[in-house]
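Since the structure comes first, as structure tokens, the remarks are kept for the end.
Numbering (the numbering used here), first residue to last: 98 to 526.
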């Protein structure tokens, strides 16, 4: 008998179930444009509602600006219901992937893992077997030209327009068949609201307003190019989350990850932890980052510089000397934005030498850009280290493993910001 429980009780039961053997559940929900469910297929071959079931597959997530989630799924297409053709699975069909487990009381507990579109389906028909294999790409694929999104003409966003309103209006554009690019309301950070920055001419401007007129007029550009340009104006982080909603987050707020909640605590004693591998990428380490922006007028070069001077960091400039990387970024128009991006870049460049790959049992609440902790029995005192998740990969099968890629936030330095360019350097130019 299944006994209904509250969400809090389900969550606690889920966390407890992760510690021991459990029955994995994975399902694909095929959605109407408004997000309601047409039909569902899962990994339970004994499901009385469908003869088809998920045989195998995997999901991969990486914290990028743009495409973040991909998946690969193989279905036993017993009744031919999932062939790629009109009135079955066709262009524009959205597919929501969820994973979870069977709770001790018999209830199925699911967590969303993304909303996807289907690309390059393969159908394999042999005697006594019919399978389909799908590559799934998150909804960014309908903006960047992977499946849809190439511009048909010149698009212009005037100076002084609210950046978030511009992004939302693009998502509402008609595909040409009466359907919006993305009907789901995006989620925007309020970090930038009310904040101002000093522009090249010395005046103040709102961070949320476009500082110049942007024209997308080159052939081959996409809606994603416009969104990335809008995101670049605030040096933000943009992509789709696990529920299929476009999110814009501040990279500036991402500098101090030590304050984020911890999703899971790995120890050698719990059953989820299978081992870890540290990779030293010393060639990719930099401790002095210069961002050169794009001048909008004759006020000179715009830029920002961030330096690792933290005495607690083993990659600071006093130990390594200055290891400089200099980047040019068109569209970064103020000192404040350039400095914010320089700080964000430095955080990653100065810690790449300590990437960690964790092999563990399957967990379904793991999210990119969130924290986990790892107890290190190989170090004196068995210290607990915090790590920021940069991505993960997980099998959809019952017995498949999970790999989490992360970076130790213990290694993030305190950052020193310096004025750049120096007056002398401007004079030389």
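All residues carry an ideal CB built from backbone N, CA and C; glycine is no exception.
Got a sec, what are the start and stop residues for the beta strand (DSSP E) residue i sits in?
{"i": "residue 195", "result": "191-199"}
{"i": "residue 262", "result": "No beta strand (DSSP E) holds residue 262; the alpha helix (DSSP H) holding it covers 260-268."}
{"i": "residue 150", "result": "150-159"}
{"i": "residue 337", "result": "333-337"}
{"i": "residue 360", "result": "359-363"}
{"i": "residue 303", "result": "301-303"}
{"i": "residue 135", "result": "134-139"}
{"i": "residue 293", "result": "293-295"}
Answer yes or no: do residue i and residue j have a C-beta to C-beta separation smaller than 8 Å?
{"i": "residue 233", "j": "residue 170", "result": "yes"}
{"i": "residue 124", "j": "residue 195", "result": "yes"}
{"i": "residue 425", "j": "residue 389", "result": "yes"}
{"i": "residue 420", "j": "residue 481", "result": "no"}
{"i": "residue 168", "j": "residue 154", "result": "yes"}
{"i": "residue 263", "j": "residue 191", "result": "no"}
{"i": "residue 127", "j": "residue 140", "result": "no"}
{"i": "residue 229", "j": "residue 160", "result": "no"}
{"i": "residue 166", "j": "residue 211", "result": "yes"}
{"i": "residue 335", "j": "residue 162", "result": "yes"}
{"i": "residue 265", "j": "residue 271", "result": "no"}
{"i": "residue 121", "j": "residue 459", "result": "yes"}
{"i": "residue 293", "j": "residue 256", "result": "no"}
{"i": "residue 467", "j": "residue 357", "result": "yes"}
Can you pull the DSSP bridge partners for residue i?
{"i": "residue 232", "result": "169 and 216"}
{"i": "residue 484", "result": "469 and 505"}
{"i": "residue 227", "result": "222"}
{"i": "residue 405", "result": "512"}
{"i": "residue 499", "result": "457 and 491"}
{"i": "residue 121", "result": "198"}
{"i": "residue 371", "result": "Paired residue(s): none; residue 371 is not in a bridge."}
{"i": "residue 284", "result": "344"}
{"i": "residue 452", "result": "376 and 504"}
{"i": "residue 385", "result": "404 and 421"}
{"i": "residue 163", "result": "336"}
{"i": "residue 128", "result": "134 and 191"}
{"i": "residue 209", "result": "195"}
{"i": "residue 239", "result": "According to DSSP, residue 239 bridges with nothing at all."}
Please list the terminal residues of the continuous alpha helix (DSSP H) segment that includes residue i.
{"i": "residue 421", "result": "No alpha helix (DSSP H) holds residue 421; the beta strand (DSSP E) holding it covers 421-425."}
{"i": "residue 105", "result": "104-114"}
{"i": "residue 277", "result": "Here residue 277 belongs to no alpha helix (DSSP H), and DSSP marks it neither H nor E."}
{"i": "residue 320", "result": "320-330"}
{"i": "residue 312", "result": "Counting along the chain, residue 312 falls outside any alpha helix (DSSP H), though it belongs to the beta strand (DSSP E) covering 311-313."}
{"i": "residue 415", "result": "414-417"}
{"i": "residue 446", "result": "432-446"}
What's the gap between the Cα of residue i and the Cα of residue j?
{"i": "residue 502", "j": "residue 442", "result": "18 Å"}
{"i": "residue 114", "j": "residue 412", "result": "41 Å"}
{"i": "residue 485", "j": "residue 505", "result": "6 Å"}
{"i": "residue 401", "j": "residue 371", "result": "42 Å"}
{"i": "residue 301", "j": "residue 295", "result": "5 Å"}
{"i": "residue 323", "j": "residue 291", "result": "23 Å"}
{"i": "residue 535", "j": "residue 489", "result": "In the structure as shown, the chain starts at 98 and stops at 526, and residue 535 therefore has no counterpart that could be examined."}
{"i": "residue 469", "j": "residue 361", "result": "5 Å"}
{"i": "residue 226", "j": "residue 142", "result": "14 Å"}
Given 8 Å, three or more beta-carbon pairs between the segment 313-332 and the segment 238-248: yes
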